[in-house]
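Asks: In UniProt numbering, the protein residues as written are 1 to 209. Where a beta carbon is used, it is the ideal one built from N, C-alpha and C, also for glycine. Every value quoted in this text rests on a predicted model; they were computed, and no experiment measured them. One structure follows; several queries about it will come next.
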């Protein structure tokens, strides 16, 4: 007979209760859109951020992959309560970080103290960029967002030029991030160049006064 794990019923129940709350992240919508035009969820963003980190693990000799993945998974958990703020609406000095941290603490309330402290500590590490893993997570977070913008079925007035200046400090701090940024920036420049040329008449678009 297979021996059951030693975890207590109470601890297992608290973990499952937290997962029920964290499940709300699947319904937390971001401004980014899928290739079919549907708004993506924060959970989808976090999933692809982790996938990106795994795919690049061979290039990250100075980074602990497990810790990086943990940070990527928890970095937006607080948004399950108050939602996401689009990059174009974020302002320096606003209370977004404080609110998100408070929401994370609320979200983690069902967890045992050790797990609750670990998740909040990982979030703090990310927010303050106090480790190589947190710095990489911040950079990859910007890259993943830009990738979504480059492939999504966006509104006609979507500002692709915004992406060329988006998150530069976070993506200029590691050779891998710099290389990724160059590729993603090229995608956006290609889209800008394409949209500047009216393919229906074969001539540059004219601006309406």
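Apply the 10 Å Cβ neighbour rule to residue 145 and answer buried if 16 or more other Cβ atoms are within range, or exposed otherwise.
Replies: Buried: at least 16 other Cβ atoms inside 10 Å.
Asks: Tell me whether residue 49, by its Cβ, gets closer than 8 Å to a heavy atom of the ligand ADP.
Replies: The ligand ADP is absent from the structure shown, which contains no ligand whatsoever.
Asks: Since residue 100 and residue 79 are thought to touch, with beta carbons under 8 Å apart, how far apart are those beta carbons, to the nearest angstrom?
Replies: Their Cβ separation, rounded to whole angstroms, is 7 Å, which keeps residue 100 and residue 79 in contact under 8 Å.
Asks: Strictly by DSSP, which residues pair up with residue 39?
Replies: Beta-bridge pairing links residue 39 to 33.
Asks: To the nearest angstrom, how far is it from the Cα of residue 84 to the Cα of residue 2?
Replies: So the two alpha carbons sit approximately 44 Å from each other.
Asks: Give every residue of the same chain whose Cβ lies closer than 7 Å to the Cβ of residue 133, excluding the five residues on either side of it in the sequence, and list them in chain order.
Replies: For residue 133, where only same-chain residues beyond five positions count, the Cβ hits under 7 Å are 63, 64, 67, 68, 71.
Asks: Determine the DSSP secondary structure at residue 160, reduced to helix, strand or coil.
Replies: Three-state DSSP puts residue 160 in a helix.
Asks: Quick check: what's the CA-CA separation for residue 119 versus residue 108?
Replies: Approximately 8 Å between the Cα atoms of the pair.
Asks: Would you mind listing the beta strand (DSSP E) stretches within the UniProt domain "HD/PDEase" (38-155) that are 3+ residues and don't spill past its ends, in chain order?
Replies: The UniProt domain "HD/PDEase" (38-155) contains these whole beta strand (DSSP E) runs: 39-41.
Asks: With DSSP run on the structure shown, which of helix, strand or coil describes residue 180?
Replies: The answer is helix: DSSP assigns residue 180 an H, G or I state.
Asks: Assign residue 93 to buried or exposed, taking buried as 16 or more other Cβ atoms, counted over all protein chains shown, within 10 Å of its Cβ.
Replies: Classification of residue 93: exposed, given that the 10 Å Cβ count is below 16.
Asks: Should residue 48 and residue 148 be called a contact, given that it needs their Cβ atoms to be closer than 9 Å?
Replies: Yes, the pair counts as a contact, with Cβ atoms nearer than the cut-off.
Asks: Could you give the distance in angstroms between the alpha-carbon of residue 128 and the alpha-carbon of residue 151?
Replies: The straight-line gap from Cα to Cα measures roughly 30 Å.
Asks: Between the Cα of residue 180 and those of 195, 194, 164, spot the shortest distance and give me the residue it belongs to.
Replies: The option with the nearest alpha carbon to residue 180 is 164.
Asks: Rounded to whole angstroms, what's the CA-CA distance from residue 75 to residue 138? Just pull it up for me.
Replies: Rounded to whole angstroms, residue 75 to residue 138 spans 9 Å at the Cα level.
Asks: What is the DSSP secondary structure of residue 2, counted as helix, strand or coil?
Replies: Three-state DSSP puts residue 2 in coil, outside helix and strand.
Asks: Quick check: what's the CA-CA separation for residue 40 versus residue 33?
Replies: If you take the alpha carbons of residue 40 and residue 33, they lie about 5 Å apart.
Asks: In whole angstroms, give me the CA-to-CA distance for residue 168 and residue 131.
Replies: Distance between the alpha carbons of residue 168 and residue 131: 18 Å.
Asks: Does the Cβ of residue 61 have 16 or more other Cβ atoms within 10 Å, making it buried, or fewer, making it exposed?
Replies: By the 10 Å Cβ count, residue 61 comes out exposed.
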